[in-house]
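Just so it is clear: in the sequence shown, position 4 is -2 by our numbering, and no numbers are missing.
Glycine included, each C-beta is placed from N, C-alpha and C at the ideal position.
If you're wondering where the values come from, they're calculated on a predicted model, not measured in any experiment.
Here the structure is laid out as C-alpha cells; the discussion comes afterwards.
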Amino acid sequence: MFGKLLGRKKDRAIIHKTVPDEVLYPEGKSEPTLEDQSWMNTIPTATDAPTEKPRPVTPAPKPAQTTRTASAPSQSSSTPAKAAQLTPLEIDRAFSRTPNAASTGRPPFPVGWMVVVEGPGVGNWFLLENGVSHIGSAEGQTIRLDFGDQSVEPAGHAAIGYDETNHGFVVAAPSGPGVRLNGIEIGAHARLRDGDVISLGGTSLRMVALCSPNFHWPSDA
C-alpha cells in the first residue's frame, strides 16, 4: 500500500514537472519587474533615518590671563620726619596759665588723659586739666612717674599745655633730656594729638584727648 501511495505522489510530481508552461500559465508567464517590487520602497531602512545638520560647536572661552606688574620699590627719604611746627602765639596760649598742681583727686572738667603704655608703671593714667601739666618723677609734678624709671627727670622732664582757644594740646621739652613724639625726637615744642605717644627715657605715655574743636567745656567752667 505504501508503495502505491509513494508511487502516486511521485507520479504527480513528475506529471506536474512535465506539464508545459502553456497549460499552467494560459495567459503567459510574466517575469517580475522593478515595478512589482515597488512595495519594498515602503519599508523603512536604516539609511532612511532623518539626518540632522550638525550644530556648530562653540569653543569654551579661555580663562583671562592676569598679568601682574611688579611695582618698583619705594625709595624712602633719608631725611627724618619732623613734628608739626607751632607758632609762638599757640605756645604762649598753651603755657600761659598757672601750672596744675599734683592730682590728688578727680577734679571736674578734664580735658584729656595721659596713659602709661610702656615701661614701669604701665597701665597707670593721669588726668589733664585746663592749663599746664608737668611731667617728672618727684613730688609736686602733675604727671608723676615715680615707678622706678631712673631716666625720668625729677621735675620738668616735659610739660603738656592745653590751648583753650584752639582746643588743642602742645608738648614742651627742655633742651636737656630727650622727648620723642611717635618715635621722633622733638625740639622745644610740638603739637600733641589724640592717640599720639610721647616717650621719656624708658616710659611711654599715650595721649587720650577729650576736648577738641568738636567738643569742649564752656570757657567759664
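Per DSSP, V116 lies in no beta strand (DSSP E) and is assigned neither H nor E. In the structure shown, F209 falls within a strand segment according to DSSP collapsed to helix, strand and coil.
In terms of Cα proximity to N160, the closest of G189, S213 and P148 is S213. According to the DSSP assignment, L204 belongs to no beta strand (DSSP E), since it is labelled neither H nor E.
Per DSSP, the unbroken beta strand (DSSP E) holding R185 starts and ends at H183 to L186.
In this structure N208 is exposed. Its beta-carbon is surrounded by fewer than 16 other beta-carbon atoms within 10 angstroms. Here DSSP, grouped into helix, strand and coil, assigns E158 to coil. For L194, the pairing in a beta bridge is given by DSSP as T197. Residue state for L139 is assigned as coil, using DSSP reduced to three classes. Here the C-alpha atom of R200 lies approximately 25 Å from the C-alpha atom of A215.
No Cβ-Cβ contact shorter than 9 Å links S131 with I154. Within the DSSP bridge table, the entry for G189 names no partner.
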